[in-house]
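Following: one structure in structure tokens, then a few remarks.
2 protein chains.
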Amino acid sequence: MKATIKDVAKLAGVSFKTVSRVINREPSVGEELQERVWAAIKELNYQPNISARQLRGAASFIAFIYDNPNSHYVIEMQHGLLAECRAQGYELLIHPLAAGSGDTMADLEQLLSTGHIAGLVLTPPFSENPELIAALRERKLPFVRIVSGSSDPAEPEPCIYVDDYQAAFDITDYLAGLGHRRIAFLGGEDIHRSSVERRHGYLAALAEHGIDEDPALIVPGEFNFDSGADRTRRLLAMQPRPTAIFAANDEIAAGALFSARINQVAVPQELSIVGFEDSPFSRQTWPKLTTAHQPNGDIAGSAASHLIASIRASRNGSAASHQDSPDSDASLPDNGFRPQLVVRDSTCPAPQ
Amino acid sequence: MKATIKDVAKLAGVSFKTVSRVINREPSVGEELQERVWAAIKELNYQPNISARQLRGAASFIAFIYDNPNSHYVIEMQHGLLAECRAQGYELLIHPLAAGSGDTMADLEQLLSTGHIAGLVLTPPFSENPELIAALRERKLPFVRIVSGSSDPAEPEPCIYVDDYQAAFDITDYLAGLGHRRIAFLGGEDIHRSSVERRHGYLAALAEHGIDEDPALIVPGEFNFDSGADRTRRLLAMQPRPTAIFAANDEIAAGALFSARINQVAVPQELSIVGFEDSPFSRQTWPKLTTAHQPNGDIAGSAASHLIASIRASRNGSAASHQDSPDSDASLPDNGFRPQLVVRDSTCPAPQ
DNA sequence: CAGCGGTATGACAACGTTGTCTAAAGACCC
DNA sequence: GGGTCTTTAGACAACGTTGTCATACCGCTG
Numbered sequence: 001m002k003a004t005i006k007d008v009a010k011l012a013g014v015s016f017k018t019v020s021r022v023i024n025r026e027p028s029v030g031e032e033l034q035e036r037v038w039a040a041i042k043e044l045n046y047q048p049n050i051s052a053r054q055l056r057g058a059a060s061f062i063a064f065i066y067d068n069p070n071s072h073y074v075i076e077m078q079h080g081l082l083a084e085c086r087a088q089g090y091e092l093l094i095h096p097l098a099a100g101s102g103d104t105m106a107d108l109e110q111l112l113s114t115g116h117i118a119g120l121v122l123t124p125p126f127s128e129n130p131e132l133i134a135a136l137r138e139r140k141l142p143f144v145r146i147v148s149g150s151s152d153p154a155e156p157e158p159c160i161y162v163d164d165y166q167a168a169f170d171i172t173d174y175l176a177g178l179g180h181r182r183i184a185f186l187g188g189e190d191i192h193r194s195s196v197e198r199r200h201g202y203l204a205a206l207a208e209h210g211i212d213e214d215p216a217l218i219v220p221g222e223f224n225f226d227s228g229a230d231r232t233r234r235l236l237a238m239q240p241r242p243t244a245i246f247a248a249n250d251e252i253a254a255g256a257l258f259s260a261r262i263n264q265v266a267v268p269q270e271l272s273i274v275g276f277e278d279s280p281f282s283r284q285t286w287p288k289l290t291t292a293h294q295p296n297g298d299i300a301g302s303a304a305s306h307l308i309a310s311i312r313a314s315r316n317g318s319a320a321s322h323q324d325s326p327d328s329d330a331s332l333p334d335n336g337f338r339p340q341l342v343v344r345d346s347t348c349p350a351p352q
Numbered sequence: 001m002k003a004t005i006k007d008v009a010k011l012a013g014v015s016f017k018t019v020s021r022v023i024n025r026e027p028s029v030g031e032e033l034q035e036r037v038w039a040a041i042k043e044l045n046y047q048p049n050i051s052a053r054q055l056r057g058a059a060s061f062i063a064f065i066y067d068n069p070n071s072h073y074v075i076e077m078q079h080g081l082l083a084e085c086r087a088q089g090y091e092l093l094i095h096p097l098a099a100g101s102g103d104t105m106a107d108l109e110q111l112l113s114t115g116h117i118a119g120l121v122l123t124p125p126f127s128e129n130p131e132l133i134a135a136l137r138e139r140k141l142p143f144v145r146i147v148s149g150s151s152d153p154a155e156p157e158p159c160i161y162v163d164d165y166q167a168a169f170d171i172t173d174y175l176a177g178l179g180h181r182r183i184a185f186l187g188g189e190d191i192h193r194s195s196v197e198r199r200h201g202y203l204a205a206l207a208e209h210g211i212d213e214d215p216a217l218i219v220p221g222e223f224n225f226d227s228g229a230d231r232t233r234r235l236l237a238m239q240p241r242p243t244a245i246f247a248a249n250d251e252i253a254a255g256a257l258f259s260a261r262i263n264q265v266a267v268p269q270e271l272s273i274v275g276f277e278d279s280p281f282s283r284q285t286w287p288k289l290t291t292a293h294q295p296n297g298d299i300a301g302s303a304a305s306h307l308i309a310s311i312r313a314s315r316n317g318s319a320a321s322h323q324d325s326p327d328s329d330a331s332l333p334d335n336g337f338r339p340q341l342v343v344r345d346s347t348c349p350a351p352q
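Which chain is which? The protein sequence lines are A and B, in order. Numbered by UniProt numbering, the letters in the first sequence go through residues 1 to 352 in order. Numbered by UniProt numbering, the letters in the second sequence go through residues 1 to 352 in order.
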């Protein structure tokens, strides 16, 4: 049969309550005891019974809330979350939601009303939805948001920052370094803050290189293939043409690639194209896409880890969480990530 | 607060145990009492607490077991499963597993040992793993398998069939109808039965059109981009070249497209390429891929529905499940699916 | 009428965990 | 050195349900 907390206690020679304390990282358990208990847990391959825990009041499901058409992104997030959650004795409930449909709150209400949810992981656009955030705060439900931007110490909740601004700066800087001067930017929907951040990073790099921004080269649109293809078609009709395109994600870039091909514009010789995200298909286009790699699995792992710490802190009445980070996991990832430029075959120096 | 069984009992003026009996349709409760209890349940809008019930024995989670690098496929399956599970009062637990790693059984054992799992949804390659299936049978755990093939009435467990054979036949038939005679087949790993089925469908269609099969044109390999690119490079070096390539999935097809481009072979004018699956990126290549659409969401929904029926049947001691199908869901999907040919831009009549 | 078997109902334990309260041991202050 | 505070650990109840056993009642039979 499955090992219970009492089996662990017996093996470690302590009361079962002490084991409970160790598992939940409650303060005030001697170090030696902690080690004995962890050893016993490992030996018995013990995992807490979620139902029992739920029953007693402590929910142990973490809900992953998302609405993202990019399967690759979602899967990487899921797997990152799963690994961390399981390691910490929580289970993951995936919860795709239709962001546009209006009854987001009602759907969420339904999910939360079961009382099984210990905390939420919010990805854009939900992580930037003030109404939703306010509702969660009011319910005092722990959550972690994954957002675009750089760290803001004033945030009351844990938050994972993806520095789209810097990554976009790096990309644009790289293109300018190759001699490009007419660099177009194909944005996504501006409801997504990442689209805005990427544009700002792009503008900052242009300024750094003394390139004047040209409003005609900054084309708003959507985060998908068709929008990228469409906008590129129009860009290629301009005189003079841009020599490089920075697409706000890989799908837009794939669309750009498609239009370049249709219009018999050679990539990269006549037109360099850069994407953003490093989805698998960025390696499956011709030529292979230069892009910025987003470490989604790590981002997710970090999110889960911060969320769980926050859940525990809110249970134990606050400060506790800061204490164990120095000793237990020095390798605990920080809450800031910066996508890295990956140079492949869709970029080269600007034509003369 | 949420109503409990005791609140119901108090309102109905009976002991809470009697309420439990009524809810679980146990025999030996007087009719008049039953009515009083049901009325109270309705009035309080009472719903049993899943955790408490789990704790005491009855599981209500369904696990989705998979190992598939194709994010798109996984996501569509997940969403199809989720919709059906939630509708029927079950929750979905996703469980990615590394098929090759050998400790599959150990990992699964761990999952099952929690006792929370009411049933499993198995996708290839797990759905074709005899050891795993035997283990589940022995534990008497309900499961549903999603496999490649056509219906086999001898199966003791529910099973969803995807008719890769027929779909591959349709594709090859379509190519032959366009006048192609030298049609290459780029397979995947033969551990996946779908790879084998697709090859057989291909061969059958060739035979139907009186085309001799050419072993040099049937190239085994892997279900990925690089393998497709590599094999296509070799195919294009042949004299005479094939005029069409049937790739066993879209990724292989994307690789083929890539190699054709590198070798300056025009697609589709000089070479037609067909994929299989209709992943999103089949619309994001240039030219857009002709492929076979696999209705993954529907397949998943059907799997969940069959699994839940099977779970209920095994709880109530067998026959029960047949009784409610006629009235409740006449629209219950069948267990056979056949991917449909989608013609896009990567195919055209054979060159003269 | 005593005894028996069957039926309808209730009391209580149990599931595995966490929260609360309390006890023991040591550190610290005057 | 005695009292008080802090740290550490255990005993016990509680969560909402189902399983097991006991009880009360009924109608029979001998």
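C-beta atoms are modelled at their ideal positions from N, C-alpha and C, and glycine is treated no differently. It should be emphasised that the depicted structure is a prediction, and the values quoted were computed from it without experimental measurement.
Closest residue to residue i among the options (Cα-Cα distance)
i: S151 (chain A); options: A:D334, A:Q352, A:V19, A:I117; result: A:D334
i: D107 (chain B); options: B:K42, B:Q54, B:A135; result: B:A135
i: L81 (chain A); options: A:G115, A:L111, A:R53, A:G119; result: A:G119
i: I191 (chain B); options: B:P339, B:F126, B:P240, B:F143; result: B:F126
i: A260 (chain B); options: B:N49, B:I94, B:T285; result: B:T285
i: Q54 (chain A); options: A:E91, A:R21, A:S71; result: A:E91
i: K140 (chain B); options: B:P156, B:D250, B:S148, B:G149; result: B:P156
i: S272 (chain B); options: B:H180, B:E222, B:P220; result: B:H180
i: C159 (chain A); options: A:G57, A:A309, A:P349; result: A:A309
i: Y161 (chain B); options: B:P295, B:I311, B:D7, B:S15; result: B:P295
i: R25 (chain A); options: A:G89, A:S148, A:P351, A:L206; result: A:G89
Residue i (DSSP reduced to helix, strand or coil)
i: P96 (chain A); result: strand
i: F246 (chain A); result: strand
i: E109 (chain B); result: helix
i: E222 (chain B); result: coil
i: S279 (chain B); result: coil
i: P339 (chain B); result: coil
i: E91 (chain B); result: strand
i: G80 (chain A); result: helix
i: Y46 (chain A); result: coil
i: T291 (chain B); result: strand
i: G13 (chain B); result: coil
i: S259 (chain A); result: helix
i: R145 (chain A); result: strand
i: S302 (chain A); result: helix
i: A59 (chain A); result: coil
i: I65 (chain B); result: strand
i: residue 363 (chain B); result: Outside the shown range of chain B (1 to 352) lies residue 363 (chain B), about which nothing can therefore be said.
i: L136 (chain A); result: helix
i: G119 (chain A); result: strand
i: S20 (chain A); result: helix
Whole-number beta carbon distance between residue j and residue i, since they are thought to touch under 8 Å
i: residue 356 (chain B); j: A303 (chain B); result: Limits of chain B in this structure are 1 at one end and 352 at the other, which puts residue 356 (chain B) out of reach.
i: F276 (chain B); j: A248 (chain B); result: 6 Å
i: M238 (chain A); j: A266 (chain A); result: That pair is no contact at about 17 Å.
i: A83 (chain B); j: I117 (chain B); result: Not a contact, Cβ separation roughly 20 Å.
i: T104 (chain B); j: L132 (chain B); result: 7 Å
i: G228 (chain A); j: E251 (chain A); result: 7 Å
i: F223 (chain B); j: G255 (chain B); result: The pair is not a contact, with the Cβ atoms about 10 Å apart (cut-off 8 Å).
i: C348 (chain B); j: P242 (chain B); result: With a Cβ gap of about 14 Å, C348 (chain B) and P242 (chain B) do not count as contacting.
i: R36 (chain B); j: P124 (chain B); result: Rounded, the Cβ-Cβ distance is 52 Å, inconsistent with contact.
_the region 90-100 of chain B contacting the region 52-67 of chain B, beta-carbon criterion three pairs below 8 Å_ = yes
_Contact residues within the region 234-262 of chain A, judged by C-beta distance below 8 Å to chain B_ = E251, A254, G255, L257, F258, R261, I262
*Check each residue of the region 62-75 of chain B: if its Cβ is closer than 9 Å to any Cβ of chain A, include it; give the result in chain order.*
P69, N70, S71, H72, Y73, V74, I75
_Three-pair Cβ contact test at 8 Å for the region 22-29 of chain B versus the region 176-188 of chain B_ = no
*Quick one: which residues of the region 124-157 of chain B get their C-beta closer than 9 Å to a C-beta of chain A? List them in chain order.*
none
_Can you confirm whether the region 282-302 of chain A touches the region 339-350 of chain A when touching is taken to mean that 3 or more C-beta pairs between the two stretches lie within less than 8 Å?_
yes
*Is it a yes or a no for the region 288-308 of chain A touching the region 228-237 of chain A, going by three-plus beta-carbon pairs under 8 Å?*
no
*Compile a chain-ordered list of the residues in the region 86-107 of chain B whose CB is closer than 8 Å to at least one CB of chain A.*
E91, L92, L93, I94, P96
*Which residues, in chain order, does the region 278-310 of chain B contribute to contact with chain A at a C-beta distance below 8 Å?*
P280, F281, R283, Q284, T285, W286
*Listed in chain order, which residues of the region 214-234 of chain A have Cβ atoms closer than 8 Å to some Cβ of chain B?*
F225
_Selection of the UniProt domain "HTH lacI-type" (3-57) of chain B by Cβ proximity to chain A, strictly under 7 Å_ = S51, A52, Q54, L55
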